[in-house]
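Here the structure is laid out as structure tokens; the discussion comes afterwards.
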Amino acid sequence: MIVTAAEDIELLRKAGKLAGEVLEEICKLIVPGVTTWDIDQAAEKLIRDSGAIPTFKGYRNFPASICTSVNEEVVHGIPSKHKVLREGDVISLDLGVTFRRQANGKKQDFIGDTAVTVPVGKISPRLEKLLADTQLSLYAGIQAARGGATLDDLSGAIEDVALAAGYGIVREYGGHGIGYNYHEDPFILNYRSGSRAKLKPGMVIAIEPMFNQGGDRVKVKGDGWTVVTQDYKPSAHFEHSLLIIDGALPEVLTRRPSENI
Ligand code: MG
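Dropping the structure here:
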């Protein structure tokens with residue numbers, strides 16, 4: 004989408020800001036012994052108490068408010084009372100926040116989408132590096148996401164970080180336009196495809212690298228949602244929603260309060 008109306012940009016900022024704040028809050032709950040269900044409940048309460056809607060709940064019948072993907076789970080993991088976090092795990096927390104405006108009998112949504120992967124207690128140095136590198140690739144993508152750049156400039160900046168470290172890049176999932184709808188065009192790959200399509204000022208996009216410690220192959224589990232690596236090696240996932248600015252760095256709409264970008 005392209006946004007130009009100042010009041011629409013303000014609502015997107017509001018949604019992004021709340022998404023970043025909620026994500027930072029639920030990260031504080033990640034300790035051994037907690038269930039992914041507990042994290043989901045906390046996130047839903049924080050979102051609804053702020054007058055917003057958890058974007059994912061009910062989206063294509065997704066049953067929870069956030070996605071929680073542990074270890075070999077890449078994305079779209081479903082929170083569960085039976086999924087207890089253990090020391091040494093890594094967990095990806097992915098959430099969307101919607102503010103809904105009602106005007107003239109019409110409703111319009113304003114959405115922010117963001118994710119991080121965090122350690123549960125102490126993790127191995129190799130996993131620490133996977134998390135750090137995947138976040139680094141998100142930041143490299145943000146640096147490349149200037150108005151007038153091509154989609155391939157952005158995708159290539161992300162890909163280069165994975166290539167340098169030898170990670171498998173998830174091919175089937177990636178970033179996307181966002182804003183009035185949860186998923187909009189364009190689809191944004193985490194590797195070069197030769198796309199010369201331009202990032203235009205006013206575009207709102209979510210970029211979300213997913214890197215695997217092993218191979219790039221993934222599959223969807225029997226629950227119809229949870230994406231796992233085929234070799235069951237761990238995976239990491241980071242995401243921000245951005246507003247593209249003419250010739251300059253994008254505005255990071257979902258920046259977390261303590262995040263230095
Ligand atoms: Mg997304």
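Residue numbers (the working numbering): 4 to 264.
Glycine included, every Cβ here is placed at the ideal spot set by N, Cα and C.
Query	Result
What whole-angstrom Cβ distance do G182 and I114 have, given they're in contact under 8 Å?	6 Å
Scan the region 32–117 and note each continuous beta strand (DSSP E) run of 3 residues or more that stays entirely inside, going in chain order.	69–73, 76–78 and 93–106
Tell me where the beta strand (DSSP E) around L245 begins and ends.	H243 to I248
At a cut of 8 Å, does the region 85–104 reach the region 52–64 through at least three beta carbon pairs?	yes
Who are the Cβ neighbours of R220 in its own chain at under 8 Å, not counting the five residues just before and after it?	G171, T232, Q233 and D234
Just to confirm, is the Cβ distance from L192 to S158 under 7 Å?	yes
Could you name the residues of the same chain whose beta carbon sits closer than 6 Å to that of V230, not counting the 5 residues immediately before and after it, in chain order?	V77, V78, H79, V221 and V223
Counting only the same chain and skipping the five closest in sequence on each side, list residues whose C-beta sits under 8 Å from that of V123.	I33, V34, P35, L88, R89, E90, G91, D92, V93 and I94
Is P209 near the ligand MG, with its Cβ less than 6 Å from a heavy atom?	In the sequence as presented, Pro is not what sits at residue 209; that position holds Ala. True, at least one ligand heavy atom lies under 6 Å from that Cβ.
List in chain order: all unbroken alpha helix (DSSP H) runs of 4+ residues lying wholly within the region 169–244.	none
Taking 7 Å as the cut-off, decide whether the C-beta atoms of D116 and S244 are in contact.	yes
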